[in-house]
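Student:
Numbering (this note's numbering), first residue to last: 1 to 372.
#1: Where does the unbroken beta strand (DSSP E) through residue 216 begin, and where does it stop?
#2: Do the CB positions of residue 54 and residue 218 come within less than 8 Å of each other?
#3: If you pair each beta-carbon of the region 235–255 with each one of the region 10–26, do three or more pairs fall below 8 Å?
#4: Take the Cβ of residue 211 as the centre, count every other Cβ of all protein chains shown within 10 Å, and call the residue buried at 16 or more, exposed below.
#5: Which value, in whole angstroms, describes the spacing of the CA atoms of residue 365 and residue 351?
#6: Pull up the distance between the alpha-carbon of residue 345 and that of residue 20, whole angstroms please.
#7: With a Cβ-Cβ cutoff of 8 Å, do residue 130 and residue 140 count as a contact?
#8: Taking the alpha carbon of residue 311 as the point to measure from, which residue in 286, 338, 332, 298 has its own alpha carbon closest?
#9: Just reading off the beta strand (DSSP E) that residue 203 is part of, what are its end residues?
#10: Can the beta-carbon of residue 291 be found closer than 8 Å to that of residue 250?
#11: Considering only C-alpha positions, which residue in the set 199, 86, 216, 200 is nearest to residue 207?
#12: Looking at the structure shown, is residue 279 part of a helix, part of a strand, or coil, going by DSSP?
#13: How far does the beta strand (DSSP E) with residue 349 in it reach, from first residue to last?
#14: Kindly list the residues whose CB is nearer than 6 Å to the CB of residue 357, restricted to its own chain and excluding five residues on each side of it in sequence; keep chain order.
#15: Would you kindly check if the distance between the Cβ of residue 368 and the Cβ of residue 342 is under 8 Å?
#16: List the whole-angstrom C-beta distance separating residue 44 from residue 27, where the pair is believed to meet the contact cut-off of C-beta under 8 Å.
#17: Which ranges would you report for the alpha helix (DSSP H) in the region 50–123 if only whole runs of at least 4 residues count?
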């Protein structure tokens, strides 16, 4: 999850690219109304609620080691006060506290901000709801279902985190799995669990062209690789709506497919999220998104939503393959993708002045008018 909302938040853009007819309110409903998911972690991720018992081990660990243990010992009275306020008054955000002192913290300017975050990180509190993107904290017993508030046994939690690493990474070297689980599972223990999973046949290994070390994946997924190697899309991958050949998709800045250097390594596509770079050092733009067309990353757009005028402005547009600008099939797919994206972010108007050449821009504008 990321708080920046230039055109939409990164996690919502990721879901828009995967889920037909996804709307911005859907995730909040799943998180804060239906309680099917919860958010957690210093790097904020969303997890299925049924995983909570395994993460409880991580929460307990956070309270017993590192800088948070030292911080808690120095601020025990403040933590008790904040805990009691939430217990008495119900779900609260940092704005609901006066605070004892001002602090210089990423978690808030009042000392109650780090205290709330500590209680959330260690599992006493969970995210109850949000106002904008500001978290309102509630007691775990008021958020999580009763049957999921327990802590899983350590040996089960350790295996869960190794499985989670393989699932999240898709194909991963042993060191990748170990690094993903670091802090939750001791390195040597992580390697032992991986070895046991290979021996039982739960995990298989494959070789990847250009890499000497084997990659791990679940044995149940080997047939998917076989299908792809034979040039066929697995049946379970077939979309229920348009394909990316028919409609281009704009990928989120923190999309696992392209973020953190994966686009260059896997697709020979140079992508760096430049939102935190000074303007004079940016090669592309502030909030640039990769363009997925078919099975290729073919270019970039830099969109921004002016919410006052309901205008989706494309501040920059770049294609890696110049021939696509004159390709009618791409023009149709790109225009359809732009129309769907505009509907997703709630735009009523489109400023496509930066899209070139003029023939492509005119085609996009015509399809936008028809869709409107």
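All residues carry an ideal CB built from backbone N, CA and C; glycine is no exception.
Tutor: Walking through what the data contain:
#1: By 1-based counting over the chain shown, the position of residue 216 is 216. Its beta strand (DSSP E) spans residues 215–218.
#2: For the purposes of this step, residue 54 is taken as residue 54 along the chain shown, with counting starting at 1. For the purposes of this step, residue 218 is taken as residue 218 along the chain shown, with counting starting at 1. Against a cut-off of 8 Å, the Cβ pair of residue 218 and residue 54 comes out as no contact.
#3: yes
#4: Stepping through the chain shown from its first residue, residue 211 is reached at position 211. Exposed, since its Cβ has fewer than 16 Cβ neighbours within 10 Å.
#5: Counting from one through the chain shown, the residue named residue 365 turns up at place 365. Counting from one through the chain shown, the residue named residue 351 turns up at place 351. The alpha-carbon atoms of residue 365 and residue 351 are separated by roughly 9 Å.
#6: Counted from its first residue, the chain shown places residue 345 at position 345. Counted from its first residue, the chain shown places residue 20 at position 20. Approximately 14 Å between the Cα atoms of the pair.
#7: The residue you call residue 130 lines up with position 130 of the chain shown. The residue you call residue 140 lines up with position 140 of the chain shown. Cβ atoms of residue 130 and residue 140: not closer than 8 Å.
#8: For the purposes of this step, residue 311 is taken as the residue at position 311 of the chain shown. Cα-wise, what sits closest to residue 311 is 338.
#9: By one-based count along the chain shown, residue 203 stands at place 203. Run containing residue 203: 203–206, per the beta strand (DSSP E) assignment.
#10: Counting from one through the chain shown, the residue named residue 291 turns up at place 291. Counting from one through the chain shown, the residue named residue 250 turns up at place 250. Yes; because the gap between Cβ atoms is below 8 Å, this pair is in contact.
#11: Stepping through the chain shown from its first residue, residue 207 is reached at position 207. The residue with the shortest Cα to Cα distance from residue 207 is 216.
#12: As a working mapping, residue 279 is identified with position 279 in the chain shown. Here residue 279 sits in helix by DSSP.
#13: By one-based count along the chain shown, residue 349 stands at place 349. Element bounds for residue 349: 349–351.
#14: Locating residue 357 in the chain shown gives position 357, where the first residue counts as 1. For residue 357, where only same-chain residues beyond five positions count, the Cβ hits under 6 Å are 325.
#15: Within the chain shown, the letter at position 342 stands for residue 342. Within the chain shown, the letter at position 368 stands for residue 368. Yes, these two residues count as a Cβ contact at 8 Å.
#16: Numbered from 1 along the chain shown, position 44 holds the residue referred to as residue 44. Numbered from 1 along the chain shown, position 27 holds the residue referred to as residue 27. Going by Cβ atoms, the distance from residue 44 to residue 27 rounds to 13 Å, so no, they are not a contact pair.
#17: 52–64, 66–74, 76–89, 112–121
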